[in-house]
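Engineer:
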Amino acid sequence: MQRRLTGSAEDPRIKARYRSEKRFKSYTVTALFVAFAIIIAFFTDIISQGYTAFWKTEIKVTLDYNERAARIGQFALAEDLRDIVSRGATRSIPLEIRNNPELAGTTREAWVPTYSRVDQYFKGNEELPPEMAAQVESLKEAGIIRTTFNWAFFTSGDSKLPELAGIFSAMVGSILVLFVTLIVAFPIGVMSAIYLEEFAPDNKLTQIIEVNINNLAAVPSIIFGLLGLAVFINTFGVPRSSALVGGLTLALMTLPIIIISTRAALRAVPDPIRLGAFAMGCSRWQVVRDHVLPLSLPGILTGTIIGLAQAMGETAPLIIVGMIAYIPEAPGSIFESATVLPAQIFTWASEPRKAFVEKTAAGIIVLLAVLLTLNALAVFMRRKFERRW
Amino acid sequence: METEVKTETTAGAQTMSQDVNNTPAVDESTRPDVKMSASQLNLWYGDTQALYDINLDMYSREVTALIGPSGCGKSTFLRCLNRMNDLIPQVKLQGNVTLDGEDIYDHSVDVVQLRTFVGMVFQKPNPFPKSIYENIAYAPRLHGTGTSRSELDDLVESSLKRAGLWNEVADRLDTPGTELSGGQQQRLCIARAIAVNPEVILMDEPASALDPLATATVEELIHELKDNYTIVIVTHNLQQAARVAGYTAFFHMGKVVEFNDTDTLFTNPKEQRTEDYITGRFG
Amino acid sequence: MGIGTTTLLLIAVLTPLGFLAYRLGRGKALTAMAAGISMHSRPQQYGWYSVVWMGLPALGVAIAAALLSVFGVIAPARELVLIVSIAVAALGLAHGLRAIRPEVRARNALDRVIRLLLLSAALISIITTISIVLSILFEAMRFFREVSVWEFVTGTVWSPGDTFLEAAGRGDEVGEGTSFFGSVPLFAGTFMVTAIAMATALPIGLLSAIFMSEYATHRQRGFAKPILEILAGIPTVVYGFFAAITVTPIIVDIAAFFGLDASYSNILSPGIVMGIMIIPFISSLSDDVINSIPQTLREGAYALGTTKSETIRQVILPAALPGVISAFLLGVSRALGETMIVVMAAGVRPNLTWNPLEDMTTVTVSIVYSLTGDLAFDSPQTLSAFALGLVLFTVTLLLNLVSTYLVRRFKQRYD
Ligand SMILES: Nc1ncnc2c1ncn2[C@@H]1O[C@H](COP(=O)(O)OP(=O)(O)O)[C@@H](O)[C@H]1O
Ligand SMILES: [Mg+2]
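From first to last, the protein sequence lines are chains H, U and P. Numbered by the numbering used here, the letters in the first sequence go through residues -5 to 383 in order. Numbered by the numbering used here, the letters in the second sequence go through residues 163 to 445 in order. Numbered by the numbering used here, the letters in the third sequence go through residues 5 to 419 in order.
1. Strictly under 7 Å for the Cβ-Cβ distance: is U:Ala353 near chain P by that measure?
2. Rank U:Met415, U:Leu372, U:Ser201, U:Ile216 by C-alpha distance to the C-alpha of U:Glu264 and give the top, closest one.
3. Going along chain H, which residues have a C-beta under 7 Å from U:Ile266?
4. Identify every run of the alpha helix (DSSP H) within the segment 327 to 375 of chain P, keeping only runs that are complete inside it and at least 4 residues long; order them along the chain.
5. With distances taken from each beta carbon to the nearest heavy atom of ligand 2, which residues come in below 7 Å, in chain order?
6. By the 10 Å Cβ neighbour count, where 16 or more other Cβ atoms means buried, how is P:Val157 classified, buried or exposed?
7. Go ahead and pull the three-state DSSP assignment for H:Met306.
8. Check whether the Cβ of P:Ile276 lies closer than 6 Å to any heavy atom of ligand 1, and answer yes or no.
9. Starting from H:Ala64, trace the beta strand (DSSP E) both ways and give me its first and last residue.
10. How would you label P:Gly261, buried or exposed, when you count the other beta carbons within 10 angstroms and need 16 or more for buried?
11. From U:Val196, U:Val225, U:Glu319, pick the residue whose C-alpha is nearest to that of U:Val259; which is it?
12. What do you get for H:Glu352, buried or exposed, if any count of 16 or more other CB atoms within 10 angstroms of its CB means buried?
13. Is P:Thr408 close to chain U? Criterion is C-beta to C-beta, closer than 7 Å.
14. Hey, would you say the C-beta of U:Tyr207 is under 6 Å away from at least one heavy atom of ligand 1?
15. I need the straight-line Cα distance from P:Trp52 to H:Ser186, nearest angstrom please.
16. I think P:Leu141 touches P:Ala25, with their Cβ atoms under 8 Å apart; what is that distance to the nearest whole Å?
17. Among H:Thr100, H:Lys50, H:Thr46, whose alpha-carbon lies nearest the alpha-carbon of H:Ala70?
18. Taking DSSP's pairing of strands, which residues face U:Tyr221 in a bridge?
19. Consider the C-beta atom of U:Cys242 and the heavy atoms of ligand 1; say whether any pair is separated by less than 6 Å.
20. To the nearest angstrom, report how far apart U:Tyr391 and P:Thr310 are at their CA atoms.
21. Using the rule of at least 16 other Cβ atoms within 10 Å of the residue's Cβ for burial, across every protein chain shown, is H:Lys50 buried or exposed?
22. Under a CB-based cut-off of 7 Å, is H:Asp152 close to chain P?
23. Can you tell me where the alpha helix (DSSP H) holding P:Tyr409 begins and where it ends?
24. Which residues in the same chain have their Cβ closer than 6 Å to the Cβ of H:Arg76, if we skip the five residues on either side of it in sequence?
25. Skipping 5 residues on each side, what residues in its chain have a beta carbon closer than 6 Å to that of H:Ala63?
26. Can you name the start and end residues of the beta strand (DSSP E) that P:Val108 belongs to?
27. Taking only runs of the beta strand (DSSP E) that begin and end inside the segment 344 to 392 of chain U, which ones reach a length of at least 3 residues, in chain order?
28. Please name the residues in the segment 303 to 317 of chain P whose beta-carbon is closer than 9 Å to at least one beta-carbon of chain U, in chain order.
29. Measure the alpha-carbon distance for P:Glu180 versus P:Pro164 and round it to whole angstroms.
30. Distance, Cα to Cα, U:Ser343 vs U:Pro287?
31. Could you pull the start and end residues of the beta strand (DSSP E) that U:Tyr409 belongs to?
32. Using a Cβ-Cβ distance under 7 Å, would H:Arg7 count as near chain U?
33. Of all the options U:Phe412, U:Val225, U:Trp328, U:Glu319, which has the alpha carbon lying nearest to the alpha carbon of U:His385?
34. Starting from U:Gly281, follow its DSSP beta bridges and name the residues at the other end.
35. With DSSP run on the structure shown, which of helix, strand or coil describes H:Arg376?
36. Does the Cβ-Cβ distance between U:Val418 and U:Glu381 come in under 7 Å?
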């Protein structure tokens, strides 16, 4: 019997078609693998550059509160150590002596941070002049130089000295900004969504609002910065660089995200529940408040968390409203000048000194970890409270 | 290639079906050639079985109608005949189906090649979002059966003529196929299938989405195509089966209850369930 | 007295008044009911009814006064506004309490108030858009009073002032006090970086989407999709760092290997990294449209004996084209407005070139640089940021509108 269905394997035309089939599939697989490779390279790169910032090099010194040290802190150190110890370690000695005159003439042993180049040398990022390298190596061997966990990175603010710089004030700034964003965007967003989904008549105004919200979600973030500058700062006189102006600006950006996800959550509540409540004589608002909102709350919160995570990573509009000031001390209120974590990363990234590269990367690691946690929380909430009707 | 379907040929199913029930009582000498044949065909969607031990012959240059209540497995069976079910990942299949005696589920079979022999027309017209001309010229160009522009022009014209659509669209071959009316779209799909020059055409309720007038046109067309093609048609409409088909199989709950020439099946069904169905007692 | 203090004081007075109003209103209704009078609504609703009468007019007065002074019509003293608002609140409270009678439909009135509140919340998004348009337009007009539109649109030299170029170490190139606002080199840079980004994102995004929707098993898809979406959650400042610290040196090295001279702020690096950022937009939107192509269309093609890739390339992709174009346009709109990556990795020198290994600057970079630092707010350089912002806003808005239109038409066709 003639085998027509299998004879095709010999047909050059069919062969060519199957070859191109294979080729095309391999393109798609390659594309995906390229994307994966980029992701892996990206994370490896950031982590390998940043993890060293979580450790710091310390040196044990004897601080001598002598007369000269009362004027220039550096003189509290043995002369051969002055280039090795961080200048920040002795900066406050004159002040200390002034406040506690009885300290004068005493000595004290302490572990203090080393100069950033020494720190970088031990981390393998930078070279030192040979004599200096030999000196610190022998100190290390003698146990006078050690490596410890860099808590200061989390507990101190920005500094011009890389070995002292930390993310604390930026974190506080981020929290203040997000607080303002949440306070403003959440109620307005949820109320808008309730109006559009549950109350709005199907008229021109409603359509305009809807189109408008969708477009607002696609406006480049830097434009919101211009808005914040022109309206909040120049027109309403909100203090520049403050968490308040940053939070308000981000609130306007986050608003569409919250509205869109809240509407989706409200829409997921099936109509029979509303009808049932109406049938019991509830007013429209009572139906929403007592039946629809409780059921859609997990969805609303999920959307809000995602919106806040996005706001937390935003930099461009905040730069425009002045949030890249040098902030060594954490701001005490939403009216004070503040910076946020991404802006801190930006400032460090523009530092020419090499020691700031690891700080930048470490700041990024912290930022990504926070964002990952927020997103995981959102996914968890969605999974946990998801209801299938 | 889509080779996700697991084909297990059971030993007992190797011999051609001699099941009395499924062999029409026609005289041996006048019985036409068997074009396609299914034997001991079982099919599962995941864990639920949709077809049970199907034995069915489809005769050359004849119209075979598959009737039965909805959900009884007609479409599923039809899609076994050109391995359309390969596209559904969880489908599992057992038994065999032959085309001119050749097992189409053999692992050496080239599915793409198979489908050029066994074409298909669907319930809902599905023209490609291309021009009328391109809808028809697409497959011949792909398969290399029509290469030059004039060859393709001829092929498009003859296919449209055979599908009875030429007069209506001759002057607008460049308009998108999706802009035709429902009946015209379905005839375009038939023309598209014809252009590949298949031997068998499968039709899954080809007229169910059409108005009565368009249905009549399509039925007429099927009647004419019968001279050149083997046609297997699924239909919900018993009158339609009676009008167009030489043979009819009655499916119920994934089994072939009765298979016979159409006249006998409709006038003198052997099975009670067949009679109940054609007299409208269920379905 | 600052505006903050005034607001706080107002809130400090109105909040206890609100509690008072609620208790009094509810108390009056309860007393009436205890006396056997049947009231239309529930007692709490009468409580809220008095709160509304107390708060709404007072807030209205305060907000109206604030708006009047902001827009410079009249600037009433803040103390005066505070006192008047509190007086209005007291009057409102008195009236609300007096108005509580059995036949008053407090519940219906409350529903109307709530509806109004919700509507005003929804209007805030409109107000936001209007204020974006107005504020940018207003400042841009001030800019165009000093610089001709013609120069802005056609000029090929952008040098807003010496400070800017001095910052870039090129102060000597421009004479004292001259500034040019020809935006062509900025838009050229933006165009270049966008083109590079899309040339990176489109093939990777689209092909990945094809793999996920046509070739991948259910499990592969469930694994690949979230991983790709990680890219969408990475902040742009992080991409900027990656571009500047990692990608740029690699590109310079590769270029040197081929004997080419690449700048350390070449536009190629931010372009590629921006493309990486846009991959998930392209892939998830394309995935959506490819998935919404009806299965019948695929089956129609397979029934004619096409292979999978032929079906994809010749039937599915053409059918999905409007959706893919829409995804592309959204990606372009993202790339045009992207700021941090270019600020951190691209140059600051306006440069009109076709060579992606040279440094170029973009619209967003100049917006940032004209608004940071200590500049007088109404200098032409500061105002130029708004003129550029106006163009950026208009273009991205148009792209977004076209893109939504395409998607809507596509969805309608396959419903
Ligand atoms: N893709 C599928 N996945 C799972 N079950 C299916 C699928 N397609 C059809 N079925 C089931 O198989 C049975 C037969 O369906 P079908 O062949 O479409 O019936 P008919 O065409 O006769 O109406 C039905 O019970 C149907 O639910
Ligand atoms: Mg069917």
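Quick reminder that beta carbons are idealized off the backbone N, C-alpha and C, glycines included. All figures in this text were calculated on a predicted structure; none of them were measured in a lab.
Structural biologist: Looking at the atomic coordinates:
1. For the purposes of this step, residue 353 of chain U is taken as the residue at position 191 of the second sequence. The beta-carbon of U:Ala353 is placed no less than 7 Å from the nearest beta-carbon of chain P.
2. Start at 1 with the first residue of the second sequence, and residue 264 of chain U comes out as number 102. Comparing C-alpha distances from U:Glu264 to each of U:Met415, U:Leu372, U:Ser201, U:Ile216 shows the shortest one belongs to U:Ser201.
3. Translated into positions along the second sequence, residue 266 of chain U becomes position 104. In chain order: Leu(-1).
4. Look at the segment 327 to 375 of chain P and you find these whole runs of alpha helix (DSSP H), each 4 residues long or longer: 344 to 349, 367 to 375.
5. That query returns the following residues: U:Ser232, U:Lys236, U:Ser237, U:Gln285, U:Asp366, U:Glu367, U:Val396.
6. As a first step, residue 157 of chain P must be located in the third sequence, where it is residue number 153. Exposed: under 16 other Cβ atoms inside 10 Å.
7. To locate residue 306 of chain H, count along the first sequence from 1; it is residue 312. In the three-state reduction of the DSSP assignment, H:Met306 falls in the helix class, which pools H, G and I.
8. In the third sequence, the residue the question calls residue 276 of chain P occupies position 272. At a cut-off of 6 Å, the beta-carbon of P:Ile276 does not count as near ligand 1: no heavy atom of the ligand is closer than that.
9. Start at 1 with the first residue of the first sequence, and residue 64 of chain H comes out as number 70. Run containing H:Ala64: none; DSSP gives neither H nor E here.
10. As a position in the third sequence, residue 261 of chain P is number 257, starting the count at 1. Per the sequence shown, residue 261 of chain P should be read as Phe rather than Gly. By the neighbour-count definition (other C-beta atoms within 10 Å, threshold 16), P:Phe261 is an exposed residue.
11. Residue numbering aside, residue 259 of chain U sits at position 97 when the second sequence is read from its first letter. Nearest option by C-alpha distance: U:Val196.
12. Residue mapping note: residue 352 of chain H aligns to position 358 of the first sequence, counting from 1. H:Glu352 should be labelled buried.
13. Translated into the one-based positions of the third sequence, residue 408 of chain P becomes position 404. False, the Cβ-Cβ gap to chain U never drops below 7 Å.
14. Start at 1 with the first residue of the second sequence, and residue 207 of chain U comes out as number 45. Yes, since a heavy atom of ligand 1 falls inside the 6 Å radius drawn around the Cβ of U:Tyr207.
15. The residue labelled residue 52 of chain P in the question sits at position 48 within the third sequence. The residue labelled residue 186 of chain H in the question sits at position 192 within the first sequence. So the alpha carbons of these two residues sit roughly 22 Å apart.
16. By 1-based counting over the third sequence, the position of residue 141 of chain P is 137. By 1-based counting over the third sequence, the position of residue 25 of chain P is 21. P:Leu141 to P:Ala25, Cβ: 43 Å. No contact.
17. The sequence position of residue 70 of chain H within the first sequence is 76, counting from 1. Here the closest residue by C-alpha is H:Thr100.
18. Here residue 221 of chain U refers to the residue found at position 59 when the second sequence is read from its first residue. U:Val196.
19. As a working mapping, residue 242 of chain U is identified with position 80 in the second sequence. Flag unset: Cβ of U:Cys242 not near ligand 1.
20. Counted from its first residue, the second sequence places residue 391 of chain U at position 229. Counted from its first residue, the third sequence places residue 310 of chain P at position 306. Note on geometry: alpha-carbon atoms of U:Tyr391 and P:Thr310 lie some 21 Å from one another.
21. By 1-based counting over the first sequence, the position of residue 50 of chain H is 56. Buried.
22. Residue 152 of chain H sits at position 158 when you count from the first residue of the first sequence. At a cut-off of 7 Å between beta-carbon atoms, H:Asp152 makes no contact with chain P.
23. Residue 409 of chain P sits at position 405 when you count from the first residue of the third sequence. Taken as a continuous stretch (DSSP letters only), the alpha helix (DSSP H) holding P:Tyr409 covers 384 to 417.
24. Here residue 76 of chain H refers to the residue found at position 82 when the first sequence is read from its first residue. If we look at H:Arg76 and ignore the five residues flanking it on each side, its Cβ neighbours are Gln68.
25. Taking the first residue of the first sequence as 1, we reach residue 63 of chain H at position 69. Cβ-Cβ distances below 6 Å link H:Ala63 to Phe69, Ala70, Ile87 in the same chain, with the five nearest sequence neighbours on each side left out; the list follows chain order.
26. Walking along the third sequence from the start, residue 108 of chain P turns up at place 104. From DSSP, P:Val108 is part of no beta strand (DSSP E); its letter is neither H nor E.
27. List check, beta strand (DSSP E) in window: 362 to 366.
28. Of all residues in the segment 303 to 317 of chain P, those with a C-beta nearer than 9 Å to a C-beta of chain U are Glu303, Gly304, Ala305, Tyr306, Ala307, Leu308, Gly309, Thr310, Thr311, Lys312, Glu314, reading in chain order.
29. Residue 180 of chain P sits at position 176 when you count from the first residue of the third sequence. Residue 164 of chain P sits at position 160 when you count from the first residue of the third sequence. Unreliable placement is indicated for P:Glu180, whose pLDDT of 48 sits below 50; no coordinate value is reported for it.
30. Translated into positions along the second sequence, residue 343 of chain U becomes position 181. Translated into positions along the second sequence, residue 287 of chain U becomes position 125. Between U:Ser343 and U:Pro287, the C-alpha separation is close to 10 Å.
31. Looking up residue 409 of chain U in the second sequence gives position 247. U:Tyr409 -> beta strand (DSSP E) spans 409 to 414.
32. Counted from its first residue, the first sequence places residue 7 of chain H at position 13. Chain U, which has a Cβ nearer than 7 Å to the Cβ of H:Arg7, makes this yes.
33. Here residue 385 of chain U is taken as the residue at index 223 of the second sequence, counted from 1. A check of alpha carbon separations from U:His385 across U:Phe412, U:Val225, U:Trp328, U:Glu319 identifies U:Val225 as the nearest.
34. Position 119 of the second sequence, counted from the start, is the residue given in the question as residue 281 of chain U. According to DSSP, which records beta bridges pairwise, U:Gly281 is partnered with U:Ile363.
35. As a working note, residue 376 of chain H is residue 382 in the first sequence. In the structure shown, H:Arg376 sits in a helix (DSSP, three-state: H, G or I).
36. The residue you call residue 418 of chain U lines up with position 256 of the second sequence. The residue you call residue 381 of chain U lines up with position 219 of the second sequence. Contact check for U:Val418 against U:Glu381 fails: the beta carbons are separated by 7 Å or more.
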